[in-house]
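**Q** The opening residue of the sequence shown carries number 4 in the numbering used here; numbering runs sequentially from there.
Heads up, the beta-carbon is just placed ideally off N, CA and C, and yes, glycines get one too.
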Amino acid sequence: MALPIVSVIVPNYNHEGYLIQRLDSIFDQTYQNVEVILLDDASTDGSVAILEDYKSHPKVSHLVVNQVNSGSLFKQWIKGLELAKGQYIWIAESDDYSDPDFLKFTVEAFEKHQKAGLVFTDSKVVDDSGQPLSVTSEMNTALKKLKDSGTTVIQDKSDLTHNFISNLIIWNASSVLFSKTAIDLIDFEVLKTLKNAGDLFSYLSIGLNTDIVFVHQQLNYFRTHHDNTTKRNILSGELFRDRMIVITHFVKNNTLGLESKTSLNNFLTRNFLTAVDFSYFKEVRALLKSYKSKQLISSKFYSKLKTYILLYRILGKKLPYRFRNNIKQVLNEMAVHP
4 MALPIVSVIV PNYNHEGYLI QRLDSIFDQT YQNVEVILLD DASTDGSVAI
54 LEDYKSHPKV SHLVVNQVNS GSLFKQWIKG LELAKGQYIW IAESDDYSDP
104 DFLKFTVEAF EKHQKAGLVF TDSKVVDDSG QPLSVTSEMN TALKKLKDSG
154 TTVIQDKSDL THNFISNLII WNASSVLFSK TAIDLIDFEV LKTLKNAGDL
204 FSYLSIGLNT DIVFVHQQLN YFRTHHDNTT KRNILSGELF RDRMIVITHF
254 VKNNTLGLES KTSLNNFLTR NFLTAVDFSY FKEVRALLKS YKSKQLISSK
304 FYSKLKTYIL LYRILGKKLP YRFRNNIKQV LNEMAVHP
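(1) Taking the alpha carbon of Ile81 as the reference point, which residue from Thr33, Ala338, Ile40 has its own alpha carbon closest?
(2) How would you label Pro14, buried or exposed, when you count the other beta carbons within 10 angstroms and need 16 or more for buried?
(3) Return helix, strand or coil for Val218, following the three-state DSSP convention.
(4) Please name the residue, chosen from Gln221, Lys62, His65, Ser182, that lies closest to Glu141 on a Cα-to-Cα basis.
(5) Which class does His252 belong to by DSSP, given the choice of helix, strand or coil?
(6) Mark Leu163 as exposed unless 16 or more other C-beta atoms lie within 10 angstroms of its C-beta, in which case mark it buried.
(7) What's the C-alpha gap between Asn268 and Tyr57?
(8) Under DSSP, the alpha helix (DSSP H) around Val292 begins and ends at which residues?
(9) Who are the Cβ neighbours of Ser97 in its own chain at under 7 Å, not counting the five residues just before and after it?
(10) Which residue marks the beginning of the beta strand (DSSP E) containing Ile94, and which one marks its end?
(11) Confirm, please, whether the CB-CB distance from Ile209 to Ala185 is below 8 Å.
(12) Is Val333 near Lys307, with beta carbons less than 8 Å apart?
(13) Which one of Arg273, Ile215, Asp43 has the shortest CA to CA distance from Glu336?
(14) Using a Cβ-Cβ cut-off of 6 Å (strictly less than) and excluding sequence neighbours within five positions of Val37, which residues of its own chain qualify?
(15) Among Lys255, Lys264, Asp130, which has the Cα closest to the Cα of His228?
(16) Taking the C-alpha atoms as reference points, what is the distance between Leu322 and Thr154?
(17) Let me confirm a value: Tyr100 is counted as buried when at least 16 other C-beta atoms fall within 10 Å, else exposed. Which label applies?
(18) Would you kindly work out how many angstroms separate the C-alpha atoms of Ile168 and Val128, rounded to a whole number?
(19) Do His116 and Val216 have their C-beta atoms closer together than 8 Å?
(20) So who's on the other strand from Ile330, going by DSSP bridges?
(21) Residues in its own chain within less than 6 Å of Gln240 by CB, not counting five upstream and five downstream?
(22) Residues in its own chain within less than 8 Å of Gly120 by CB, not counting five upstream and five downstream?
(23) Let me confirm a value: Lys118 is counted as buried when at least 16 other C-beta atoms fall within 10 Å, else exposed. Which label applies?
(24) What are the start and end residues of each continuous alpha helix (DSSP H) run of 4 or more residues lying completely inside the region 161 to 230, in chain order?
(25) Tell me which residue opens and which closes the alpha helix (DSSP H) that Ala145 is part of.
Rendered as structure tokens:
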């Protein structure tokens, strides 16, 4: 029986220093039935020259170089996904790298678990030069619990908010192999508006409709460095904006159990003030409206939070601090009695 094709999408932007290791770790996979799609988002370093050197590799099906930066990694994801021909999809981020058996074990997991929409592995976190820092399952309490219990298949949809909103058990998209059919569950129109939380949006979209499989081996190397996109988006506030958009979409389009309500209220209490501080008023209002429509918060709390947004819009940092302290008390009370 023919082995399934894996489409490997490599979205790159200014990762000249990591690109050769990334690409070599793909071409050195023990599972070899792959097509490789190379994408560059108008890099200003020497990335394109490196990609051109790999263009003639027999496994490379496409090299697409943007002349103008798209402004979003997830627009690049979509471009690669639309070109992909494989049964499975691996979005191999250009600053990470992988164990030679990454595809071997993740494809085997898919073949064993036919209801899975995505398979992910444990990851080693490394620094700029590849020196080990930690392991994701040792740093993430939810993932550690799954590993310690021997869990490999996550089927219960009520666990989604705990695993992906209260926690985030998948730290790095490079650790994930998707099925092509599961990719069709993702709303690309929403995905392309996101700059940072598109991976979270994708995991939730797929996890709501399929099983998720966790391969316990550490087969991915997640690199953290000074130019990391997530770090930049935390500083700019765009991470908070994106997460609110994702959670709003999730709340509006799903029936929520008690476990989900607890996780979602915790999300609001942790992120409300930060989002307002970054002036994401439209996104916060949309989130509150979705919460009220699903009775996650009472009309009383809804009104108090909306009033705070209005006052902050008018007065900004001149808003007396007692109002902020008051809203902290409201959020704490809401977490206990929504």
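**A** Let's see:
(1) Ile40
(2) By the 10 Å Cβ count, Pro14 comes out buried.
(3) Val218: strand per DSSP, three-state reduction.
(4) Gln221
(5) Looking at His252 - three-state DSSP - the assignment turns out to be helix.
(6) buried
(7) 48 Å
(8) A small correction: the amino acid at residue 292 is Lys; Val does not occupy that position in the sequence shown. Run containing Lys292: 284 to 296, per the alpha helix (DSSP H) assignment.
(9) Val13, Pro14, Asn15, His18, Tyr21, Leu22, Arg25
(10) 91 to 94
(11) yes
(12) yes
(13) Measuring C-alpha to C-alpha distances from Glu336 to each of Arg273, Ile215, Asp43 identifies Arg273 as the nearest.
(14) Val9, Val11, Lys62
(15) Asp130
(16) 49 Å
(17) buried
(18) 21 Å
(19) The beta carbons of His116 and Val216 sit closer together than 8 Å.
(20) None; Ile330 has no bridge partner.
(21) Here residue 240 turns out to be Gly, not Gln, going by the sequence shown. Phe281, listed in sequence order.
(22) Phe181, Ser182, Thr184, Ala185, Leu188, Ile209, Gly210, Asn212, Thr213, Asp214, Ile215
(23) exposed
(24) 183 to 186, 191 to 194, 201 to 210
(25) 144 to 151
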